[in-house]
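**Q**
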Amino acid sequence: MTPMDETERVASYEEIELGQLATGLAAHLSRARRRGVKRLAARPAPAVSAGPRAVVATPQAPRHAAPEGPDERIRRLASAAGDLESLATLVAGCEACSLCQTRSQTVFGEGHPKARVMFVGEAPGFHEDRLGRPFVGDAGGMLDRIITKGMGLARGDLYIANILKCRPPENRDPSALEKTLCTGWLQRQIELVNPEVLIPLGRHAAGHLLQRDDSMGKMRARVHHLAGRKIVPTYHPAYLLRTPSAKKDCWKDIQRAMAEVDG
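All the letters of the sequence shown, read from the start, carry residue numbers 0 to 262 under numbering that gives the first Met the number 0.
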């Protein structure tokens, strides 16, 4: 009889242990049957702690900011201007639209820097483009008479500006894009002057400030309230030159505006 090697010895021990386990289990089942137990319930396995869970960050695609549009850039630049002089310098360098290629110069605005009343026109014309001042042609002469006779004030007591800071070629109407781009400059201009009453001159100016696409007849003859300001639209001085019969209604509008200032 040859001595068993190590592998055979381990296998023999395992067979003995399995046999003893089977014998014990059979005896246990036999005793359970005698007690009337037909089925043995399985003991629930002990809960296994999962331990702290590792937090795995979900990879995300890098976020790229949307490119800044020209109107957004103008608003950002305008908001940084602390006074009218700084804002005028920024406007003079604006090349956001094609009007910069045909203008002689920008026409920023003029008047009292803290005026209680501010006139807003549509766009510079030929004479304004040449001199760099708003309302200096025939329409400007009409506006001067409105200010002195209708309001009892001097031009320097008010502030005068336009939506557009550059003259459209051939004095055409301002385009929607041009008005959108210039809005940032005008809004900051209004913020810095901070007038009590705005008087838009003409349908384009009134519709732009009121954000409406109505006829002048539907927008005038009343006081509008927008963003904490009073807006009293009236006819453009150039229209009054062509339609003298409208001067009476313009007079009423100006008196309405002055009542808001005095009130």
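Ideal placement from N, C-alpha and C gives every residue a C-beta, glycine not left out. The model shown is predicted, which means the values in this text are computed figures rather than measured ones.
#1: Tell me the residue span of the beta strand (DSSP E) that contains V116.
#2: Would you say the beta carbon of L152 comes nearer than 7 Å to a heavy atom of the ligand FMN?
#3: Would you call A91 buried or exposed, if buried means 16 or more other Cβ atoms sit within 10 Å of its Cβ?
#4: Under DSSP, the alpha helix (DSSP H) around A205 begins and ends at which residues?
#5: Please go through the same chain and pick out, in chain order, the residues whose beta-carbon is closer than 6 Å to the beta-carbon of T264, but skip the five residues on each side of it.
#6: Am I right that Q104 and G131 are in contact with their C-beta atoms under 8 Å? What's the rounded C-beta distance?
#7: Does the beta carbon of Q210 sit closer than 8 Å to a beta carbon anywhere in chain C?
#8: Hey, A77 and G227: beta-carbon distance below 8 Å or not?
#9: Over what stretch of residues does the beta strand (DSSP E) that includes A322 continue unbroken?
#10: For E121 versus N161, is the C-beta spacing smaller than 8 Å?
#11: Express the C-alpha separation of A65 and D143 in angstroms, rounding to a whole number.
#12: Using DSSP with H/G/I as helix, E/B as strand and the rest coil, what is G108?
#13: How many angstroms separate the CA atom of V196 from the CA atom of R211?
#14: So what does DSSP say about L197, is it helix, strand or coil?
#15: Starting from K178 and walking both ways along the beta strand (DSSP E), at which residues does that stretch end?
#16: Find out if the Cβ-Cβ distance for the pair H203, P173 is shorter than 8 Å.
#17: If you drop the 5 nearest sequence neighbours on each side, which residues of the same chain put their C-beta closer than 7 Å to that of S48?
#18: According to DSSP, is K217 helix, strand or coil?
#19: Determine the direct distance from the alpha carbon of E67 to that of L240, and round the result to whole angstroms.
#20: Which residue comes first and which comes last in the beta strand (DSSP E) that contains I230?
#21: Report the three-state DSSP secondary structure of T88 (helix, strand or coil).
#22: Which whole-angstrom value describes the C-beta separation of C165 and L98, a residue pair presumed to lie in contact below a C-beta threshold of 8 Å?
**A** The structure says:
#1: 116-120
#2: As presented, the structure is devoid of all ligands, the ligand FMN included, so that no description of it is given.
#3: exposed
#4: 202-209
#5: In the structure as shown, the chain starts at 0 and stops at 262, and residue 264 therefore has no counterpart that could be examined.
#6: 5 Å
#7: Although the question refers to chain C, the structure presented lacks it and comprises just one protein chain.
#8: no
#9: Nothing about residue 322 can be read from this structure; the chain reaches only from 0 to 262.
#10: yes
#11: 46 Å
#12: coil
#13: 18 Å
#14: strand
#15: Per DSSP, K178 belongs to no beta strand (DSSP E); it is in the alpha helix (DSSP H), 175-192.
#16: yes
#17: Unreliable positioning characterises S48 in this predicted model, as indicated by a pLDDT of 46, which lies under 50. The coordinate reading is nonetheless provided below. If we look at S48 and ignore the five residues flanking it on each side, it has no Cβ neighbours.
#18: helix
#19: 42 Å
#20: 228-230
#21: helix
#22: 4 Å
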